[in-house]
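Per the numbering used here, the sequence shown starts with residue 50, numbered consecutively.
Cβ coordinates follow ideal geometry from the N, Cα and C atoms, glycine included.
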Amino acid sequence: MKTTEQKVLKFIDEKKLISKYDRVLVALSGGSDSVFLLHMFCKYKNKFKLEIGALHINHKLRGEASDKDEEYCKSLCSSLSVEFFSIKKDVKDYSSKNKISIEEAGRIIRYTAFERIAKKNNYNKIATGHHADDNAETVLLNFVKGAGPKGLSGIPYKRGKIIRPLLVLSKNEIQLWLKNKNIETMTDETNLNSDFERNYLRNEIISRLKEKFNPSLEATFFRTSEIFRLQSELIARLSHDVSEKSFYVSKHNLHLILKELSAVHPAIISASLKEKIEETFDTVLNFNDVKKVLTLINNQRGHKTELPKGIICFREKDELIFCEDNSKELFEPVSINIGGTVEAFGKKISIKKVKKVDVSFKIGTEYLNGEKFTGNKFVLRVWQPGDKFIPLGMKGYKKISDFLTDKKISSNKKKEQLVLLHKEQIVWVVGLRIDNRFKLADDTRKVLQLCIK
């Protein structure tokens, strides 16, 4: 049994999980893992000069059984002279209200409570009882769902205040230690229910893999996850350096300078993309999202792709530009009458009557034959796919999309391009060209001036 304890102590030392005078809050469920963890800390607290507390969260999932778990934990802490905290939280209710699984709801509730109680009571470390079996389940679950090196790194042994000193032990080693010490623990019957993902892996898949292929599967997964963790840390370090050199933010857009990537491996580019997109837009890219962006890097200018949460990525000269797609807002039409002014995208667009002798063509100003219109109402909106008009000087229709491409309007500017309509006919591609049907004629007497400033 000394070997079991020594494995944990060695792991704590190698990973620098605790320091002298730490205040450690143990996540105590009443099950074998957390009970073993609490006993370990109590046994060696003088060696490390630690102060120990324990937090139990009653998920109210099993009625009286949940209350018995809480009473057991309270009694155990009293016998070990450990400061005890408990919280009751209805996991099913939280799951239903937030439309997430019970497993996810329980995880959110637990970690939120750990952080809150630790902060309130000055505990600088939070210890959980995750062990090698849990790590194997995590790696396998991430693998079947699709994950890269980070996901296959398994459960981190340290993240912020949270430490996991038992990752080096198997469930069997923990239970054997408790049995030899005659320490009884509580049993959560829901762990036998294979309807839950993890339980299914544990009860149906991993047990068979151990039986057929590798009795020491947990240790194998632990070594494998350590390899992936080292690779993931290296990629993260290299990708951070790339991010610092290759990305910059302009207004609300994220820019990637492509010339900086000529000698960078795609794995590093992928990691830096995920890092910067999450940092800038608070969204996570999956493998297919990243693949679409990598494809765009090799395309000519003008191409674009859509990413999660309404993010648009497009190629413009020697850059990729990432921005939020505000198309829903952009397509709101606005009425404008003769004599009126409308503001859009930082510009003022106006229509007014002028005398023919006052016509003076200059940048931002166009003139229409006012005799072509009935009524004073015009509509200003963003152009839409399928829009067409007859550009000034031409006889046939041209699609707005083709017109903008010919004018070399950037993808970013295209989405803000306005058109002015009268009775559903486009009379002006704002700031660029009027429709030939509404141009001034020699005998025109009524003139409308269009202006954009």
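Beta-carbon contacts of residue i that lie in its chain and below 7 angstroms, excluding the five residues immediately before and after
i, result
"residue 488", "418 and 441"
"residue 108", "115, 138, 140 and 155"
"residue 162", "104, 106 and 136"
"residue 234", "79, 80, 81, 84 and 227"
"residue 483", "415, 417, 441, 476 and 477"
Identified DSSP bridge partners for residue i
i, result
"residue 354", "362"
"residue 100", "72"
"residue 226", "Paired residue(s): none; residue 226 is not in a bridge."
"residue 133", "103"
"residue 296", "305"
"residue 414", "500"
"residue 212", "176 and 207"
"residue 399", "390 and 500"
"residue 55", "DSSP, once it has assigned bridges, lists no residue as partnering residue 55."
"residue 372", "361"
"residue 433", "DSSP output for residue 433 lists no bridge partner at all."
Counted within 10 angstroms of its Cβ, other Cβ atoms place residue i as buried (16 or more) or exposed
i, result
"residue 264", "exposed"
"residue 102", "buried"
"residue 222", "buried"
"residue 206", "buried"
"residue 320", "buried"
"residue 297", "exposed"
"residue 271", "buried"
"residue 63", "exposed"
"residue 336", "exposed"
"residue 490", "exposed"
"residue 92", "exposed"
"residue 466", "buried"
"residue 338", "buried"
"residue 208", "exposed"
"residue 148", "exposed"
"residue 128", "exposed"
"residue 295", "buried"
"residue 283", "exposed"
"residue 446", "exposed"
"residue 169", "exposed"
"residue 184", "buried"
"residue 65", "exposed"
"residue 255", "buried"
"residue 333", "exposed"
"residue 306", "exposed"
"residue 369", "buried"
"residue 30", "Shown here, the chain extends from 50 to 502; a query on residue 30 therefore has no answer."
C-beta contact flag for residue i and residue j at 9 angstroms
i, j, result
"residue 122", "residue 79", "yes"
"residue 401", "residue 500", "yes"
"residue 502", "residue 413", "yes"
"residue 143", "residue 100", "no"
"residue 97", "residue 67", "yes"
"residue 111", "residue 186", "no"
"residue 303", "residue 329", "yes"
"residue 217", "residue 181", "yes"
"residue 220", "residue 267", "yes"
"residue 324", "residue 292", "yes"
"residue 85", "residue 215", "yes"
"residue 343", "residue 315", "yes"
"residue 497", "residue 456", "no"
"residue 341", "residue 356", "yes"
"residue 459", "residue 365", "yes"
Residues of its chain near residue i, where Cβ-Cβ distance is below 6 angstroms and the 5 sequence neighbours each way are ignored
i, result
"residue 448", "437"
"residue 494", "none"
"residue 391", "383, 385, 398 and 429"
Residues near residue i in its chain [Cβ-Cβ closer than 8 angstroms; skip 5 each side]
i, result
"residue 164", "175 and 210"
"residue 94", "100 and 101"
Please confirm if the stretch 52 to 64 is in contact with the stretch 196 to 204, defined as three or more CB-CB distances below 8 angstroms between the two stretches.
no
Would you call the stretch 70 to 90 and the stretch 167 to 183 in contact, with 3 or more CB pairs under 8 angstroms?
yes
State whether the stretch 380 to 400 contacts the stretch 422 to 437, with contact taken as three or more CB pairs (one from each stretch) at a distance under 8 angstroms.
yes
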